[in-house]
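In this note's numbering, the protein residues as written are 4 to 344.
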Ligand SMILES: Nc1ncnc2c1ncn2[C@@H]1O[C@H](COP(=O)(O)OP(=O)(O)OP(=O)(O)O)[C@@H](O)[C@H]1O
Ligand SMILES: [Mg+2]
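As structure tokens, this is what we get:
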């Protein structure tokens, strides 16, 4: 059964709690590099454009982009991740410092390069993306360091966000330690999952796969909305989740709850310039909303609104709390609030 929920002013007041939220963000951190170029001719060496770089922009990516989104929304992210002992890693740390995000819990692995995704963009069109990465699983020594860092974590956390890009940081042991920690402290554990085996995410609060990631997870192609509901609820039951948020690009998102309910939110994007990092914004706002006490459909509404804002910006974008509030006001989401007596 499809149903639609609109946040009330009471629920939206939860946005004012965002600035006090402490969120642990664990996952695959990366550096996003954008080369903004102009093309004037085709190369004599091969039928490819010659891109003259006018400007290079560096932005925290992956789990670091989740931390960045939480920061710009006023929250306090505690970022845990792994970089290599290389210049890309140093650049990522510099960008984190600029964004006022602590790099104290970023571990260095001399055995792997820092994940770097370089985009070549000419006249607002992406011409190519060049990836540098090593996706082998974290060594046991680094995993132990990670677990040790977790033990030292303050208990004043309001939520846990796990951004798993399958780059090797998020081991099953680490996942289960984080999930156990979150469950024992009664805080939401929101995970952006990857891969075809979700057993490792057992007992998380919410997973946020996109549509094709969901198909991969259930080893089936989805051909009807009914099948989506049935298979989604089966996955919730199998993994003992509280809910599932399936993001659907231009179709918005579908929310499934362990009580069997389904709710669909259409995208709020007005103009789409760049979808890079939209999934990171969804998980950040969803986790902040839930940590602030919103239910899953309402938190997803906010997350979907926020994603609609960032896809209207170029590059790996973030948004501020004021931008989110302003958009919600403009959409007159407050009109359902009963008059104050
Ligand atoms: N083409 C689009 N048009 C409108 N809205 C979009 C579009 N792409 C993404 N969105 C918005 O962003 C949200 C997340 O997008 P999507 O489902 O593509 O996630 P994703 O594939 O995980 O993204 P990412 O590439 O960042 O991992 C959607 O739920 C929607 O609100
Ligand atoms: Mg994604």
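The beta-carbon is built from N, C-alpha and C at its ideal position, and this holds for glycine as well.
In this text, all values refer to a predicted model and were calculated from it rather than measured experimentally.
Exercise for review: Would you mind working out which of 292, 183 and 212 sits nearest residue 259, comparing C-alpha positions?
Suggested key: The option with the nearest alpha carbon to residue 259 is 212.
Review point. What are the start and end residues of the alpha helix (DSSP H) that includes residue 131?
Key: Unbroken run through residue 131 is the beta strand (DSSP E), 128-135; no alpha helix (DSSP H).
**Study point:** 8 Å Cβ shell around residue 327 - same chain, five flanking residues per side excluded
**Key:** Cβ neighbours of residue 327 beyond the five flanking positions: 18, 76, 288, 305, 308, 309 and 312.
Review point. Hey, is residue 253 close to ligand 1, as in C-beta under 7 Å from one of its heavy atoms?
Key: Relative to the non-hydrogen atoms of ligand 1, the Cβ of residue 253 comes within a distance shorter than 7 Å of at least one.
Review point. Cβ of residue 250 versus every heavy atom of ligand 1: is any distance shorter than 7 Å?
Key: Yes, Cβ of residue 250 sits closer than 7 Å to a heavy atom of ligand 1.
Review point. Does residue 261 come within less than 8 Å of chain B when only Cβ atoms are used?
Key: Considering every chain present, this structure includes no chain B. It has just one protein chain.
Check your understanding: Out of curiosity, what's the CA-to-CA distance linking residue 280 and residue 66?
Key -> When the Cα atoms are used, residue 280 and residue 66 turn out to be separated by approximately 10 Å.
**Study point:** For residue 36: DSSP bridge partner residues
**Key:** Looking at the DSSP assignment, residue 36 forms a beta bridge with 61 and 121.
Practice item. Measure the CB-CB distance between residue 160 and residue 324 and report whether it falls below 8 Å. Key: Residue 324 is positioned such that its CB atom lies no closer than 8 Å to that of residue 160.
**Study point:** Cβ-Cβ distance between residue 216 and residue 225 below 8 Å
**Key:** Against a cut-off of 8 Å, the Cβ pair of residue 225 and residue 216 comes out as no contact.
Check your understanding: What first and last residue would you give for the alpha helix (DSSP H) that runs through residue 47?
Key -> Per DSSP, residue 47 belongs to no alpha helix (DSSP H) and is neither H nor E.
Review point. Between the C-alpha atoms of residue 115 and residue 33, what's the straight-line distance to the nearest angstrom?
Key: Distance between residue 115 and residue 33, taken at the CA atoms: about 12 Å.
Review point. Helix or strand or just coil, what does DSSP make of residue 331?
Key: Residue state, collapsed to three classes: helix.
Exercise for review: Tell me the start and end of each unbroken beta strand (DSSP E) in the stretch 236-310 that is at least 3 residues and wholly inside, in chain order.
Suggested key: As summarised for the stretch 236-310, the continuous beta strand (DSSP E) elements at least 3 residues long and confined to that stretch are 246-250, 256-260 and 265-268, given in chain order.
Check your understanding: Under 8 Å between the Cβ atoms of residue 182 and residue 190?
Key -> No.
Point to revise | Beta-bridge partners of residue 138, as assigned by DSSP | key: Answer is none; residue 138 lacks a bridge partner.
Point to revise | Host beta strand (DSSP E) of residue 197 (start-end) | key: Here residue 197 belongs to no beta strand (DSSP E), and DSSP marks it neither H nor E.
Review point. Is the beta carbon of residue 63 sitting closer than 8 Å to the one on residue 102?
Key: Their beta carbons are under 8 Å apart, which means residue 63 touches residue 102 by this criterion.
Practice item. Answer yes or no: the CB of residue 333 versus the heavy atoms of ligand 2, is any distance below 7 Å? Key: No, the beta carbon of residue 333 sits no closer than 7 Å to any heavy atom of ligand 2.
Review point. Considering residue 74, what are the terminal residues of the beta strand (DSSP E) in which it resides?
Key: Where residue 74 is concerned, there is no enclosing beta strand (DSSP E), although the alpha helix (DSSP H) it sits in stretches over 66-75.
Review point. Cβ atoms of residue 112 and residue 85: under 8 Å apart, would you say?
Key: In this structure, the beta-carbon distance from residue 85 to residue 112 falls below 8 Å.
Review point. How about the stretch 68-82 and the stretch 284-299: do they share at least three Cβ pairs that are nearer than 8 Å?
Key: Yes, the stretch 68-82 touches the stretch 284-299.
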